[in-house]
Amino acid sequence: MPLYLDEIWLNVSSPDNANKLHAMFKEVLSGKTGFPAGVTLKAGPWASNEEPKMILILDIQDHAKTFVPFATLVSQGLIAKRRLTPIVEWSALDEVVKAL
25 MPLYLDEIWL
35 NVSSPDNANK
45 LHAMFKEVLS
55 GKTGFPAGVT
65 LKAGPWASNE
75 EPKMILILDI
85 QDHAKTFVPF
95 ATLVSQGLIA
105 KRRLTPIVEW
115 SALDEVVKAL
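Sequential numbering of the sequence shown, starting at 25, is according to our numbering.
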């Protein structure tokens with residue numbers, strides 16, 4: 025299962041943007057609009073209390089399919105940036121150490 029830590033920095037520079045983001049993510053997370061095909065929420069969402077950021081753990085079969093939805097939100101000025109970090113089990117490190 026290809027898991028990713030998905031950090032999404034939100035552009036909440038105005039009340040209008042904050043309301044749009046809240047409504048959009050509420051629809052996605054409730055399943056009304058949902059995630060792109062092949063994307064499943066495994067944990068979260070969490071909100072950061074230090075940055076305007078949303079944090080998710082996702083199973084993403086093909087992260088290229090998330091490009092258009094996120095690029096659209098960035099171009100609309102709703103999302104500032106995203107960091108998608110692959111997550112592997114700790115046992116994967118055992119394999120690295122064995123290969124050394």
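Beta carbons: idealized from backbone N, C-alpha and C, even for Gly.
To the nearest whole angstrom, what separates the beta carbons of residue i and residue j, a pair I think is in contact under 8 Å?
i	j	result
Lys77	Ile32	7 Å
Gly62	Asp86	5 Å
Leu80	Pro69	5 Å
Give a yes or no on whether the minimum CB-CB distance between residue i and chain C is below 8 Å.
i	result
Thr57	The displayed structure is made up of one protein chain only, and chain C is not part of it.
Strictly by DSSP, which residues pair up with residue i?
i	result
Asp30	Leu80, Leu108
Report buried or exposed for residue i, applying the criterion of at least 16 other Cβ atoms within 10 angstroms of its Cβ.
i	result
Asp30	buried
Thr109	exposed
Thr90	buried
Of all the beta strand (DSSP E) runs that stay within the bounds of the region 50-109, which reach a length of 3 or more residues? 63-71, 77-84
Sufficient close CB pairs (3 or more, under 8 Å) joining the region 35-42 to the region 56-65: no
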